[in-house]
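The opening residue of the sequence shown carries number 161 in our numbering; numbering runs sequentially from there.
In what follows, a single structure is set out as structure tokens and then discussed.
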Amino acid sequence: MARKAAAKKPAAAPPKTRQSVLIKAFLARPRLLASLGVGAAVWLACAFLTPFEWSTGAILGWDACALVFIAAMIAFMAGKSPAEIRQEAAGQDEGQGVILAVVILAAAFSVAAVGVELSTAKADHGVEKAWRVALAFGTVAASWFMVHLIFALHYAHEYYAPSPELTGDAVAEGLSFPGKAPPDYWDFLHFSTVIGVAAQTADIAFTSKALRRIGTIHGIVAFTFNTVVLALTINLLAGLFGGS
Numbered sequence: 161m162a163r164k165a166a167a168k169k170p171a172a173a174p175p176k177t178r179q180s181v182l183i184k185a186f187l188a189r190p191r192l193l194a195s196l197g198v199g200a201a202v203w204l205a206c207a208f209l210t211p212f213e214w215s216t217g218a219i220l221g222w223d224a225c226a227l228v229f230i231a232a233m234i235a236f237m238a239g240k241s242p243a244e245i246r247q248e249a250a251g252q253d254e255g256q257g258v259i260l261a262v263v264i265l266a267a268a269f270s271v272a273a274v275g276v277e278l279s280t281a282k283a284d285h286g287v288e289k290a291w292r293v294a295l296a297f298g299t300v301a302a303s304w305f306m307v308h309l310i311f312a313l314h315y316a317h318e319y320y321a322p323s324p325e326l327t328g329d330a331v332a333e334g335l336s337f338p339g340k341a342p343p344d345y346w347d348f349l350h351f352s353t354v355i356g357v358a359a360q361t362a363d364i365a366f367t368s369k370a371l372r373r374i375g376t377i378h379g380i381v382a383f384t385f386n387t388v389v390l391a392l393t394i395n396l397l398a399g400l401f402g403g404s
């Protein structure tokens with residue numbers, strides 16, 4: 161009697177590491193990856209081909225990254241339907257928190273570099289001083305918008321992620337929007353911008369614990385960012401009118 165062939169057990173999936181999650185998270189976001197590449201290229205060009213200080217090169221590299229990412233994402237978000245956002249959320253369900261943390265840290269570094277740049281500007285005069293001041297404020301504005309754009313994408317993809325508790329095409333949601341129409345990217349950008357400006361919500365409410373936690377982090381980041389911007393502005397005005 162022939163022996164029955166032993167059924168082969170499927171190979172166990174390799175355990176996920178932080179490195180693999182980070183790599184997959186970036187590969188799933190080609191626009192962010194491309195913008196980081198542009199920023200790195202600008203930073204290296206400034207470091208090796210120009211006489212700029214390290215802080216100026218770092219700021220210009222970050223500005224290039226932020227502006228390319230913002231332009232690419234605005235173009236991507238235009239005209240996207242809720243069904244398309246749901247598909248996008250399904251493909252980017254891994255590593256969202258990692259991306260959020262990386263962008264916040266990068267923005268914090270850029271603001272620190274702005275502080276160094278403004279300290280250097282106190283010893284400058286005329287056009288050079290005006291250039292440094294304009295660069296500093298442009299960097300803060302780009303960083304501010306990029307951070308809240310990332311939060312808007314995070315809210316959208318968490319909202320349209322498949323619900324772990326419900327079956328079928330149900331999504332996780334977690335936010336309550338006025339009206340009956342399903343929200344699109346611009347609704348989430350509105351929500352994120354309101355938190356960024358006021359560190360609180362307006363006409364849209366949290367309805368899930370997961371998004372409330374993200375909202376708490378967002379509010380703290382917004383308050384800190386706005387406080388730093390105010391401090392930099394006061395410092396700059398004191399330097400301008402104090403005479404240096």
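Even glycine gets a Cβ: it sits at the ideal position worked out from N, Cα and C.
Put A359 into one of helix, strand or coil per three-state DSSP.
Locating residue 359 in the sequence shown gives position 199, where the first residue counts as 1. If DSSP states are grouped into helix, strand and coil, A359 belongs with coil.
According to DSSP, is F212 part of a helix, a strand, or is it coil?
Against the sequence shown, residue 212 aligns to sequence position 52. Coil at F212, not helix or strand.
Return helix, strand or coil for P416, following the three-state DSSP convention.
There is no way to answer for residue 416, as the model of the chain reaches only from 161 to 404.
Check F366 in the structure and name its three-state DSSP category.
Along the sequence shown, one-based indexing puts residue 366 at 206. Of the three classes helix, strand and coil, the one that applies to F366 here is strand, per DSSP.
CB-CB under 8 Å to W346, same chain, minus the five flanking residues each way: which ones, in chain order?
The sequence position of residue 346 within the sequence shown is 186, counting from 1. Around W346: M237.
A165 - DSSP class collapsed to helix/strand/coil:
Within the sequence shown, numbered from 1, the residue matching residue 165 stands at position 5. The predicted model places A165 with a pLDDT of 49, which falls under 50 and marks its position as unreliable, so this point remains unresolved.
Cα-Cα separation, L209 to W222:
On the sequence shown, position 49 is the one that residue 209 refers to. On the sequence shown, position 62 is the one that residue 222 refers to. Cα to Cα, L209 sits roughly 17 Å from W222.
According to the neighbour-count rule (16 or more other Cβ atoms, all chains shown, within 10 Å of its Cβ), is W291 buried or exposed?
On the sequence shown, residue 291 is found 131 positions in, with the first residue counted as 1. So W291 ends up on the exposed side.
Hey, would you say V202 sits closer than 8 Å to L227, going by beta carbons?
Within the sequence shown, residue 202 is the residue found at index 42, counting from 1. Within the sequence shown, residue 227 is the residue found at index 67, counting from 1. Cβ distance not < 8 Å, so V202 and L227 don't count as in contact.
Based on DSSP bridge pairs, tell me the residues matched to S279.
Along the sequence shown, one-based indexing puts residue 279 at 119. DSSP output for S279 lists no bridge partner at all.
Quick one: using the 10 Å Cβ neighbour count with 16 as the cut-off for buried, is A283 buried or exposed?
Along the sequence shown, read from residue 1 onward, the residue named residue 283 stands at position 123. Classification of A283: exposed, given that the 10 Å Cβ count is below 16.
Between G275 and L392, which are expected to be in contact by the criterion C-beta below 8 Å, what is the C-beta distance as a whole number of angstroms?
Position 115 of the sequence shown, counted from the start, is the residue given in the question as residue 275. Position 232 of the sequence shown, counted from the start, is the residue given in the question as residue 392. Contact holds; Cβ gap of about 7 Å.
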